[in-house]
Every structure is written in structure tokens, then in C-alpha cells.
Amino acid sequence: MTRENCKISDYLIPLHQFGKIGKIHSVFNRSFNIEIGGQLINLADYYDYLSSFGINLPHALFQELLPFIQQGNQVRISEEELLIYSRAGVKKIHLSPSTIVSLDLTQLTLTKAQQVTLKTRLEEQHLTNKIGLPLDNRTRHFFEKMSQKNHYWRSEEWQELIHYLIGRGQGLTPSGDDILIAYLLMLTICSDARGDALMRSLELTELATTDVSKAYISSSMKGYSNSFFYQLIFALSQTNYGKLDQLIAKLMAIGHTSGKDLCFGLSLALQGIENEK
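Note that this note's numbering has the sequence shown beginning at 1027, numbered continuously upward.
See the structure below:
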């Protein structure tokens, strides 16, 4: 019987770019993160979803690993295999054959009509009532500012926004982080100058958030997203409007509010971009 391929985000290729030896950083029900040279790699048993810094393992292969997955265990990784050193022994799995999955949004472009179409579909979701942040006056102030035409934010304004949103909210990826990630990605896709300015400010800021969220932020700064986000933008870029509602719903279903936060960040960016007439 032919084994299903591992699926690897192209953000991680080549796998040895971060180093070869690391440790298990964190363990969850259907995934775990290893840390190699400061980079998290998410190894998961998900049918369809792939993290921007992820490797999806076939279900049977992931099940084989379970007795060996404990936080702090040493790991060794190469292009071909993963070794885990645990009290139960050494477990080796083959990562090849693998399918490399493109999650690089910088390779996609959107027309003005496509941008407006997505903006309209997202507005139909009434996302302000679904995100994970309470809409107090200060939060509203930042969201209104993010959705306005303004290519010339001062660096201190970006810093203020970053310090306010990053780490705000609960969970492994706080709502403020997800909103800012999606906002940055859409600005990047649309070659909006604010994307570069926001990225420069992020590079200069010590981010007070979770390690997992830092990994998502880092990959987003290079233009990479999770697979559901990518599928939505790819369908949009192909003018495949018939799939948009389904793909928006799929993205919104991630986590407790994470997917809704991502969609809201997209909406904020699109409002600001569309205002530029």
C-alpha cells in the first residue's frame, strides 16, 4: 500500500536552513512544535490545514510518534527524516516522499475588482461582532486608523499600533496578532507602501506574545500564510468567485476566533486600499 506523502510548507524549504538539532517545544492534541535554531516547525495530523511553518504527517505516521512526543525531547531533522530521542527510545520517521505546498502570497496579485469583491464578501460576515477583542473606544480608534487611506504613518504610530495589538487577546495566537498578520499580508499582496512600513516597525520591536504567534508573525513578514488563507487568496486571484464564501467560512472556522480575526484584518486592509481612489 502506497503511503500518503508528507505535506511541507515551502517556507521551510530547505529544512536544514535552520539547523539540524533541536527540541520539542510544545505538544497539543493533533500537533506538536519542534524548535530548530530559533525557528518553530509545526508537525501535525490535519487533513487539509497546513501552518505557514508546518509539516502535515499522514495520520498513521503521526500516531506512531505519539509515545515519543514529550516537551523537551531532543530532535534531529534532515530533508529526508526526523529523529526523536525520548525515554521510550529513538523514533525515526521518513519525511520523504513529500509534497511541497506553496504558501507564498508574494507570488499572487489581485486586481482592484478582485480586492473590492473580497471586501464586500467579508463585510457580509459582520466580523466586528465575531472577533476576539472587545470593541472599546481605543480599539475602535486603531481599527478606524488601519482602514483609512494613509501612506505616511510616522514610525511611532506604527510602534503604538504594534504595542497595542500584539499579545492582546487569549490563546496561542492572540486576536490582535491575527488581525495584524492578515492586515500585513494583504498590504503586501497589494504592494501597498504601508506593508513595508509596518514590516520595518515589526523588525525593530520586541514582540510580547507567544512563541507560536511570533513564528506566524515572522513567516507573514516574508509573505507566507496558513493554507486556508492562501486558498482564499489564490481563488480570488483566479477570479474563482464561486468558491469565495466557502473558503471564507473555512478560514473563519480556525480556532475559537483566530480565523475570524484573520478575516477582520483582511477587511481592514481592503477598506484602506479601496479608499485610495
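A virtual CB, placed ideally from N, CA and C, is assigned to each residue, including glycine. What you are looking at is a predicted structure, and each value in this text was computed from that prediction instead of being measured.
Which of helix, strand or coil DSSP assigns to residue 1147: Three-state result, residue 1147: helix.
Contact check, residue 1161 vs residue 1291, beta carbons under 8 Å: Contact flag unset, no.
Candidates 1040, 1145, 1298, 1171, of which the one nearest residue 1079 by Cα: Comparing C-alpha distances from residue 1079 to each of 1040, 1145, 1298, 1171 shows the shortest one belongs to 1040.
Residue from 1111, 1110, 1105 with nearest C-alpha to residue 1126: It is 1105 whose Cα lies nearest to the Cα of residue 1126.
Spatially closest choice to residue 1275 from 1118, 1086, 1148, 1219, by CA coordinates: If we check each option's Cα against that of residue 1275, 1148 comes out closest.
Local Cβ density within 10 Å of residue 1092, reported as buried at 16 or more and exposed below that: When all chains shown are included, residue 1092 counts as exposed.
Cutoff 6 Å; reference residue 1278; Cβ partners in own chain excluding five residues on either side: Correct list, in chain order: 1285, 1286, 1289.
Contact set for residue 1169: own chain, Cβ-Cβ below 7 Å, skip 5 residues either direction: Taken in chain order, the residues that qualify are 1294.
Whole-angstrom C-beta distance between residue 1153 and residue 1201, which should lie under 8 Å: Going by Cβ atoms, the distance from residue 1201 to residue 1153 rounds to 11 Å, so no, they are not a contact pair.
Whole-Å CB distance - residue 1240 paired with residue 1230, under 8 Å assumed: About 15 Å separates the two Cβ atoms, so there is no contact after all.
Spatial distance of residue 1303 from residue 1210 (CA atoms): Note that residue 1303 scores a pLDDT of 48, beneath 50, so its modelled location is shaky; the value from the coordinates is reported in the next line. Taking the straight line joining both Cα atoms gives about 20 Å.
Exposure label - residue 1242; buried when at least 16 CB within 10 Å: By the neighbour-count criterion, in which a residue is buried when 16 or more other Cβ atoms sit within 10 angstroms of its Cβ, residue 1242 is buried.
Burial state of residue 1146 (16 or more Cβ within 10 Å): Under this definition residue 1146 is an exposed residue.
Bridge partner(s) assigned by DSSP for residue 1058: DSSP lists 1053, 1069 as the beta-bridge partner residues of residue 1058.
Own chain, CB closer than 6 Å to residue 1214, minus 5 neighbours either side, in chain order: Cβ within range, chain order: 1221, 1249.
Span of the alpha helix (DSSP H), counted from its first residue to its last, around residue 1163: Boundaries of the alpha helix (DSSP H) harbouring residue 1163: 1163–1172, taken from the DSSP string.
Which listed residue (1178, 1235, 1280) has its alpha carbon closest to that of residue 1218: The option with the nearest alpha carbon to residue 1218 is 1178.
Cβ-based burial, residue 1051 [other Cβ within 10 Å; buried from 16]: Buried, by the Cβ-count rule.
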